[in-house]
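Protein chains in written order, with UniProt numbering: chain A, 1 to 310; chain B, 1 to 545.
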């Protein structure tokens, strides 16, 4: 077990290097000069351009820039500064990540509770009315694009009923974050419900279920421990990768609800060629993915003890 | 903080009580109570995160400059008619437009309590002009004698002096500026933020000063919560003429213009600078007389890339061809339909609201006349390849009107016209800078100072920073040089008016339309006015109780 975890952690190093390398070069191969963009329509003289480039280290060859960047990260945990405003990237991300994390966590809890809840109901009543209703409901959610769902929720709850504020204010109150979290988690909720349902419906007919029922165990134990636990493996796999997706995929939702999280930073950094910011951001997202997928793998053993790690 | 919160809660309770009594009594009474002005009221305004640290020498985009306008006062400002108003200066005098003497008002202080002296100005200008500090606005000091030594323009050149030769401190409240040649517009340029004074603390820690600027203006810096909001509060020691009528301003950041508009309607933000395209059709009905629809001094043009093979080979393009293209554009219809009335057709190269603006500066060539357009193009030898492209950045909402302009040209003249879309502004600028624009590109210009020379000299002079299409004409250069160096401002303005009239013979660009401010404000504020640069004037806003 310990060795398995250590090996997995070591594997993160080449993945980390590979992704940063790729992203770094991709950003620099985009057309458009970040320094020139500072001056807009009015233009500027070549001397100032050169001085700015030199100040930012952008006059070095790309290999050297990458080398400097990586050594700074590894040796000093310094992700560099943003080109435009000179703020350290760690500070920029440190401002935005907690907000997105809060949003993603709320969305995650929402999809976990309601997704599994609905899935369990549908799975136990497979083929009956409740099951069909849930299937139609989830189909509806899957087929509505995020921005449409966002605007519908705003329209109904903020403007018609006036239950919620249309936008998230700078304080990020829990009540304000609820709507964007539901929109963000909505799509995944549908998948979780469907995965749970299928897996449950299948396992209902498994031998161990018959045995459990034959032993005369109470129904809650049969369903709660025997059925649910075994049906959770595909759902956990999905949930694990979904954490990363929730954090990275919040661009649209954050834009609609005025959440000042990672979404805006991603959009702005790409359009402004802020290479260092994008690399820093992707690095963190990669780590999130790697850690969650490790946790998922370890959870398998908890759910099904037959799975063992060397 | 706790006290503040509970106070807010009490205030909220009072408002509820007032509203309840207003319902019971007459509604007129309720309105009176609500209309009372709170001199300490703080209002909020939608402004994006400034792109850069707040330096007087580097703040050129609107998100930063509106904050700086509150924090700093310059020597002068200009009134609506283009004439000068003294702010921090007692007087700005010149006899030959070359030697200028500035006298300061006494008793002015920076927000940290240190006095504003002649030295505060001279040191600040020297610092901003110095190439080592790489300030984006340093070229504004180019008129001053000795600029080329402090800021050589060639790439990689080193400065040979630290101080501008033309600046001399006479005493604590007097300094002189010697320009390298007569420049009548210089007095107006002094209103720009780059000419603001800086306190001694600035040079001790410039990095910190960019995050927490100490100015001499009507507002003091309070806090900057990055990407969320900036707060400035009234400077009670301020003695200038533009004292703030409110207690302070919060600049709130929004992810989209639509979100800001929703917040305006639900009372979470007080002043907008712009309405998003989605809400443009409805905002006048939504806001009533709180909807703003007013032109400001800014113009959109189609600039010709004169270096492109199309216009250069085998021979220089005849201006008649460009005149023809201009007459093939139906500006009235496009601004009304595609742009939903947010622009006003241009009739010249100089925008409205600046000194020397003249109706119909471009003569007939901005009128839509397909027959004449065709004739002019034929007369000029036709458009090479009979096809043009218009380069624009796809992230700026330009596609719709570029398509419309293209359709208009093709329908009127059978010249093939297509949009050449660059993914974003950066890519668009890079193509311009590296001279890869194939035919025509969209260009915009907002005033720097309210004189017509800003729309001519800074755009069409050979080698001017705003002249990115490499337009060059010796005859015109000579005329511009003469007008720039005229003895008095009046004369200079008049000469530039003549030049504007003659621009039809060169056609350096095709004027399209003037921008308008389409914005609005909440019921909580009054006295919201928008300046010539399109930004709301902060100090005049009054907050209701």
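The beta carbon of each residue, even a glycine, is placed where N, CA and C say it ideally should be.
- Between the stretch 172-190 of chain B and the stretch 435-445 of chain B, the count of Cβ pairs shorter than 8 Å is below three; the stretches do not touch.
- In chain order, 12, 16 place their CB closer than 8 Å to the CB of residue 287 of chain A, counting only its own chain and leaving out the 5 sequence neighbours on each side.
- Residues of the same chain with a CB within less than 6 Å of the CB of residue 393 of chain B, apart from the 5 flanking positions on each side, are 422, 424, 425, 428 in chain order.
- The residue among B/482, B/520, B/350 with its C-alpha nearest the C-alpha of residue 512 of chain B is B/350.
- Around the CB of residue 141 of chain B, 16 or more other CB atoms lie within 10 Å, so the residue is classed as buried.
- The alpha carbon of residue 279 of chain A has as its nearest neighbour, out of A/2, A/46, A/80, A/56, the alpha carbon of A/80.
- Residue range 387-393 is occupied by the beta strand (DSSP E) that includes residue 393 of chain B.
- Taking the Cα positions, residue 236 of chain B is about 8 Å away from residue 218 of chain B.
- Rounded to whole angstroms, residue 97 of chain B and residue 247 of chain B show a C-alpha spacing of 40 Å.
- Taking 8 Å as the cut-off, the Cβ atoms of residue 188 of chain B and residue 78 of chain B count as close.
- According to the DSSP assignment, residue 49 of chain B belongs to no beta strand (DSSP E), since it is labelled neither H nor E.
- Classified as buried, residue 44 of chain A has 16 or more neighbouring CB atoms from the shown chains inside 10 Å of its CB.
- Rounded to whole angstroms, residue 527 of chain B and residue 389 of chain B show a C-alpha spacing of 44 Å.
- Looking at the DSSP output, residue 229 of chain B bridges to B/225, B/252.
- Counting the other CB atoms within 10 Å of its CB gives residue 398 of chain B a total of 16 or more, which places it among the buried residues.
- Chain-ordered listing is empty here: chain A has no CB closer than 7 Å to the CB of residue 495 of chain B, the nearest sitting near 23 Å.
- Residue contact with chain A for residue 508 of chain B: absent (no Cβ-Cβ distance below 8 Å to any residue of chain A).
- Along the stretch 52-100 of chain B, the beta strand (DSSP E) occurs as fully enclosed runs of 3 or more residues at 76-78, 84-86, 89-94, listed in sequence order.
- In this structure, the beta-carbon distance from residue 89 of chain B to residue 106 of chain B does not fall below 8 Å.
- Residues of the same chain with a CB within less than 8 Å of the CB of residue 415 of chain B, apart from the 5 flanking positions on each side, are 325, 328, 377, 383, 386, 387, 388, 409 in chain order.
- Annotation for residue 103 of chain A: the continuous alpha helix (DSSP H) segment containing it runs 89-124.
- Within the stretch 418-434 of chain B, 422, 423, 424, 425, 426, 427, 428, 429, 430, 431, 432, 433, 434 place their CB atoms closer than 9 Å to a CB of chain A, listed in sequence order.
- Residues of chain A with a Cβ closer than 7 Å to the Cβ of residue 451 of chain B do not exist; the shortest Cβ-Cβ separation is about 16 Å.
- In the assembly as shown, residue 108 of chain A is a buried residue. Its beta-carbon has 16 or more other beta-carbons within 10 Å.
- Taking the C-beta atoms as reference points, residue 135 of chain B is found nearer than 8 Å to residue 55 of chain B.
- Contact between residue 118 of chain A and residue 142 of chain A does not hold, since their C-beta atoms are separated by about 13 Å, which reaches or exceeds 8 Å.
- Rounded to the nearest angstrom, the Cβ distance from residue 258 of chain A to residue 167 of chain A is 4 Å, consistent with a contact under 8 Å.
- Between residue 57 of chain B and residue 150 of chain B, the beta carbon gap of about 13 Å keeps them out of contact (Cβ cut-off 8 Å).
- Between the stretch 262-274 of chain A and the stretch 182-202 of chain A there are fewer than three inter-stretch CB-CB distances shorter than 8 Å, so the stretches are not counted as touching.
- Residue contact check for residue 39 of chain A against chain B: a CB pair falls below 8 Å.
- A straight-line Cα-Cα distance of about 42 Å links residue 505 of chain B and residue 283 of chain B.
- Residue ranges of uninterrupted beta strand (DSSP E) with 3 or more members, entirely inside the stretch 349-393 of chain B and ordered along the chain, are 387-393.
- A check of alpha carbon separations from residue 283 of chain A across A/54, A/120, A/224, A/19 identifies A/19 as the nearest.
- In summary, the residues of the stretch 50-77 of chain A whose CB is separated from some CB of chain B by less than 7 Å are 50, 51, 52, 55, in the order they occur in the chain.
- Excluding five sequence positions before and after residue 146 of chain B, the CB atoms of its chain that fall closer than 7 Å to its own CB belong to 161, 164, 165, 166, given in chain order.
- Looking at B/267, B/251, B/466, the one whose alpha-carbon comes closest to that of residue 165 of chain A is B/267.
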